[in-house]
Amino acid sequence: MNLWLIPILPFTGFLINGLFGRRMPKSLINVFAIGSVALAFIWVVKTLLGLGELETKYVEHVFTWIQSGPLQINVDFAVDRLTAVMLMVVTGVGTLIHIYAIGYMEHEDGYYRFFAYLNLFMFFMLILVLAQNYLLLFVGWEGVGLCSYLLIGYYFTEQYATNAGNKAFIVNRIGDFGFSLAMFLIFRQFGSLDFTKVFDSAKTMPTEATVGILTTICLLLLLGATGKSAQIPLYVWLPDAMAGPTPVSALIHAATMVTAGVYMTARSAALFTHAPIAMDTVAVIGLATAFFAATIGLAQTDIKKVFAYSTVSQLGYMFLGAGVGAFSAGIFHLMTHAFFKALLFLGAGAVIHGLHGEQDLRQMGGLFKHMRITALTLLCASFAIAGFPFTSGFFSKDAILVAAYERAPWMYWLGVLTAGMTAFYVFRAWFLAFTGKYRGHAHPHESPLVMTGPLMILALLSLGGGFINIPHWLEPMFPEKAENEMLAWLSAGVGIVGIAIAYLFYVVKPSLPESIANAFSGLYKLIYNKYFIDEVYDATVITPLLATSRTVLWKGVDAGVIDGTVNGVGKRSRGVGGILRLLQSGNIRSYAAWVVLGSVIVLLAIGFAGGRQ
Amino acid sequence: MNFLILSLIKAAIVAGVLLTTLAYLQWIERKVIGHIQLRVGPYRVGPHGLLQPLADVVKLITKEGIMPANVNRLFYLLAPFLAVSLALISISVLPFGPQITIGQVTTYMQLTDLSIGVLFVLAVSSVGVYAVALGGWASNNKYSLLGGLRSSAQMISYELPLALAVAAPLLLVNTLSFREIVEYQNGFWLGFIPRWNIFPQVLGFSVFLIAAFAETNRVPFDLPEAENELVAGFHTEYSSMSFAAFFMAEYANMVTVTAVATLLFLGGWKAPFPEPFSSFIPIAIFGFAGIIAVFHGMHPARRKDKYTLPAAGVVFLGLAAIFAGSLFVPMAQTILMALFWFCGKVLFLLFVFIWVRGTLPRFRYDQLMRFAWVVLFPLAMVNLLITALVVALESK
Amino acid sequence: MSGGVPMSWYLILSAILFGLGVAGFIYRRNIITVFMSIELMLNAVNLTFITFSYSLKQVDGHIFSFFVMVVAAAEAAVGLAIILTVFKNRETLMIDEVSSMKY
Amino acid sequence: MTALIFFIFAGIAVFCGISLVAQTHPIASALSLIGVMGSLAILYLQLGGEFIAAAQVIVYAGAIMVLFVFVIMLLNAGAEGTSLNVSQFAKYAGIVLLAAFLGLISFIIQATLPKTESVVFGAWDGGTAADVGRKLFTSYLLPFEVTSVLILIALVGAVVLARKEI
């Protein structure tokens, strides 16, 4: 089926744009960038059609990468139903966002660079999704991290952007550290990194033998996932990552890359299901993140920050789903989230584009009449994320919440509360931006078709995406959970209540939020400043770390030990060389004579030591 | 010891005939060039200048050998010696007739049959450069040096297309022995087209012939001795027998090259016509020539012709009679026919050499080099590749 | 004795030629002569290849010496080009006088 | 007969080798080297290597040495001076070392090789052009191709080096 073609196509685009893009006209860059991704999408569709029902996993061996003793790492690509969903989401949404970026990035410098990075990202993301072993997955995992770093720091002339890039990279390192350790343990335990082999042997192992090691592995994997998917405690990089261009926020930091952690957890479901403690941890972390980020989202004024925290919160939902064993619901939410969150970001990007770079909600308002398509599509996305009945969010979120209720009712109630908050802050943003009077100074205008087109397609998907029955499709891999109509309607009701409150606060009585904020000023400040988490990290981790590095590692180890050793070696070498250089007369004949002397000695040795027979 | 005696006899015959031929080749060349230029050529010494070569030899031997000042005596004398011996050495592996039996003795009409005969000739011709280069260098004369440098560059350059052109027919015949190469060209296509290599290898033959002109330093490639710029090139300073040696070497090289061309491309001693006709052709030619000579002797245009032409006519008629007589002695016929066709082809090619000299102007030096590398070399390469491809496809 | 020559003689001849090459390399001053001494050594080695090829009745030794020749040809082309350049820049062929890189 | 030919040409080879080292003029050295190569070609023939003998003459004597002679003539290289500016070590140790080298290697050759093995002309003729070609284009095809690339590189390198403006 030539699976290798799927990642290679964007890679070709990357090579062409990266190497020659500087000299190419924009239209040609567009052709290669969008063409390569669109071709990849078409190839995915063709491949999936060709593979049919995918009752079993389809594996394709490309080449053997590492062969050393028992360690054999192949570059194998595999497609099963989970991968199929991810492939469709990544290439489909990716294509739309690429198209959107043509319009959004039109006036930016380094146009070719942007698209080259974006194509490179697609390449690594597809590697990640198609990988058939942990190491190859890790290659994609690190590659998307690299591209994320490059794209966050896209405006590298701005200090905040480079800082945000660094932050994302460093925080991700902590997670990757956990992931690496998990891989070592997996190899030590199972003797392989291949998914099929690991999961098969994990299934057949006796429970009591595996509990400890598997829990450790799963917790370490979880650490990796929290880094990539911005969960507590490593979520801090994602809001800052909004420094990148908005299409990047949509593609990488909403739709695809940040869901890699969820994907990886679902991929490792066979391990997690054998480690109940790890499962509970996943669920608790997911729920806590969902709730926590939602509260922060209530008070943000930057439109992209609102959506960023909403992303963190929704990712928390996915982990909650995975943690309570409803992997299929998690993946389902991953897909619908990709639709509506990409739409939210792209809509926000359209708004920012229309306002010439303004991101503050307080400087907006009344934009509905200026940009109707954007407003309407954003409204669709907002309904979807709020879980309004029969939109995509309704199905996927409620599938998770129902599964959570099965696990523990308090999780359900907390989730429902979060859902209410989600509905509130999303609509708060919508009302602030599109209703009322315009408070800014720019001249708002609607975006071109190349931007609104993807918005409309995504709006359709956000509304109707819930009817794609992902849990049923994933049934062979992850057993479906029980359904409970009642609970679903309840959470939807809470969502509608949240919308209503937002309407009340920001349309009917715009003075109300002010008074409430004043009434609970302490709480408001806490939320507004994101619980001072960044400051806490600064004080507890970063400052001590910097101090230790400066005093011990730099002054002590580097200047003292390492430099001392190197200089000492150099001095000794010079001393020895001073003696040896007497041999180096610079006269080629004397060298030749030395060679003859050497051969005479060798001949003598042969003569004495056994030349005679 | 039979082998040694036999070899000595053959060597003596070949050397005698060859040296005479070389001397008379000079006469032929002067005659032909003369007639091309509407002159009569040598005419004084002997009838129609026939004794001219003899006179030349006597002159060259008796002249004083001049040694220029400040030359390296050894190299100065070594150069002409090398030239003539290398030129003559290749003749030893060239066959000029089939296997024959005279009385008890069975032998080849060839000094020695080497299984790598072609390589041997190439090797010897590649060493031949030294004679020219050394002669030019040792003369301690700037014209000679320039001539020597030019000729070494030219001979190295043209050796490539030459070797490549030789390689193509070798691919067809799959052997390096001249004898087997000739045997391969036995017979006829469609009963009347001789199976000579020249027909599949027209391009190869052309390249070979052109490169051969350059290898022997003949017009239009006689840059090493371009008299209008370099006086006489590498042999400016040579006189007497040394000069004669260079001169002889040039003609010997011509004979070698034409003989190799004959063997490789023109079927060697094989007759160009099927058997019953080919036997009568020499009789017809010689007879006709004799009759014409006798006839002109009867009606002389010049006074001397009254004696010379009938004499020549008698000689030709005698030759015709010998060929006619040989029809009844099978072995004699084999020998004579082989000799006739081989010498005929070689003489024809030699005539072409002289003809070209009488026709074409000299190349300029840069044109000469460009022609070798830009035209001849690629052509030879293409020819070789196509031949190799065809051979590979046919062997499937 | 009339039948043949001991194989070792060929090898000793090769050693002698090799030694002569080394001597030329050490004692001669002209770059071209030094270069030719190297060629002499290569030739000596070729002789051993051919001799052992005869002794083992295998053609591989011939192949090796063939490769040696080809490499020698390449080496001569480049080496002589270098010598030409050196002469153009320094007007000398004496190996001792080309020593600006010394020390 | 074999012994006679061997002695004649081995003698020529050694004589020419000595001449190569001893002559002061490069042209003389070059001609001596050609002499060595020619006599070695005869010895190759004796050892059954008819192809390699021809190649020796064509490639070595006919092409490589022509280049040498050509360059010597082009540069008009004269005889070198008599002053031997040899390094002290090489000057004194060289001769002794060479003598030791030759003695040792002869000793080892004599001691190691079986005494009975002798070379007879025509006893083995596995070195024909056909044999060499077959081996060259089957077992040694890759080295052969690599050599062709090497030649190409050398060609380009020589052209670049010998250009006028460098």
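Protein sequences, first through last, are from chains D, P, X and L.
FYI, our numbering numbers position 53 of the first sequence as 594, with every residue one higher than the one before it.
FYI, our numbering numbers position 2 of the second sequence as 21, with every residue one higher than the one before it.
FYI, our numbering numbers position 2 of the third sequence as 89, with every residue one higher than the one before it.
FYI, our numbering numbers position 72 of the fourth sequence as 87, with every residue one higher than the one before it.
Built from N, CA and C at the ideal position, the CB exists for glycine as well.
Here M181/X is bridged, per DSSP, to N117/X. In the DSSP assignment, V124/P falls within the beta strand (DSSP E) that extends over 124 to 128. Put simply, the CB of I169/X is near chain L, with a gap under 8 Å to one of its CB atoms. Restricting attention to P114/P, A233/P, T327/P, the CA atom closest to the CA of G68/P is found in T327/P. Any Cβ of chain L closer than 8 Å to the Cβ of S1140/D would place that residue at the interface, and such an atom is present. By the beta-carbon neighbour count (other beta carbons within 10 angstroms, threshold 16), G706/D is buried. In this structure the segment 363 to 380 of chain P touches the segment 44 to 53 of chain P; the number of beta carbon pairs closer than 8 Å is three or more. At least one CB of chain D lies nearer than 8 Å to the CB of V109/X. Only residues of its own chain outside the window of five on either side were considered, and among them K567, I570, M646 have a CB closer than 7 Å to the CB of Y652/D, listed in chain order. Of the residues assessed, Y701/D falls on the exposed side of the cut-off, its CB having fewer than 16 other CB atoms within 10 angstroms.
DSSP links Y599/D through a beta bridge to V620/D. When C-beta distances to chain D are compared with 7 Å, the residues of the segment 103 to 133 of chain L below that value are F104, A105, A108, G109, L112, L113, A115, F116, L119, I120, F122, I123, A126, T127, in chain order.
For the pair S988/D and G610/D, the Cα-to-Cα distance works out to about 58 Å.
Straight across, the Cα-Cα distance linking V155/X with A161/X is about 10 Å. In the same chain as W208/P, and ignoring 5 residues on each side of it, the C-beta atoms closer than 7 Å to its own belong to R214, in chain order.
For N713/D, same chain residues with a beta-carbon under 6 Å away, outside a window of 5 residues either side, are G686, G768 in chain order. If you look at T120/P, you'll find it in the beta strand (DSSP E) that goes 116 to 121. Against chain L, the CB of I1147/D has a partner CB under 8 Å away; the residue lies at that interface. Within the same chain, Cβ atoms closer than 8 Å to the Cβ of A835/D are found at Y850, S851, S854, T959, M962, T963, Y966, the five residues on either side in sequence being excluded. Taking F604/D as the centre and dropping the five residues before and after it, the same chain places the C-beta of N615, V616 closer than 8 Å to its C-beta, in chain order. If you draw a straight line from the Cα of G84/P to the Cα of A331/P, it is about 38 Å long. Taking one beta carbon from each stretch, the segment 167 to 179 of chain P and the segment 390 to 402 of chain P have 3 or more pairs nearer than 8 Å; the two touch. As the crow flies, the alpha-carbon of F665/D is around 56 Å from that of K175/X. For V630/D, the CB contacts under 6 Å within the same chain, skipping 5 residues up- and downstream, are M876, A879 in chain order.
From the listed residues L346/P, H254/P, F227/P, the smallest Cα separation to P180/P is found for F227/P. V143/P and G154/P have their C-alpha atoms some 17 Å from each other.
Under the Cβ criterion of 8 Å, F83/L is counted among the residues facing chain X. Here A889/D has T787, I844, K845, F848 as same chain residues with Cβ atoms under 7 Å from its own Cβ, once five neighbours each way along the sequence are excluded. Residues of chain X with a Cβ closer than 7 Å to the Cβ of L170/L are, in chain order, A164. In the three-state scheme derived from DSSP, where H, G and I count as helix and E and B as strand, V92/X is classed as strand. Closest by C-alpha distance to P397/P, out of A230/P, A30/P, E269/P, N272/P, is A230/P. Distance from the CA atom of V375/P to the CA atom of I55/P, rounded to whole angstroms, is 11 Å.
Interface annotation for the segment 156 to 169 of chain P against chain L: W156, A157, L164, G167, L168, criterion Cβ-Cβ distance under 9 Å.
The secondary-structure analysis by DSSP pairs N615/D across a beta bridge with T605/D.
Secondary-structure assignment with DSSP links N674/D through a beta bridge to D735/D. By a beta-carbon distance limit of 8 Å, S111/P contacts L130/P. Their separation comes to about 4 Å.
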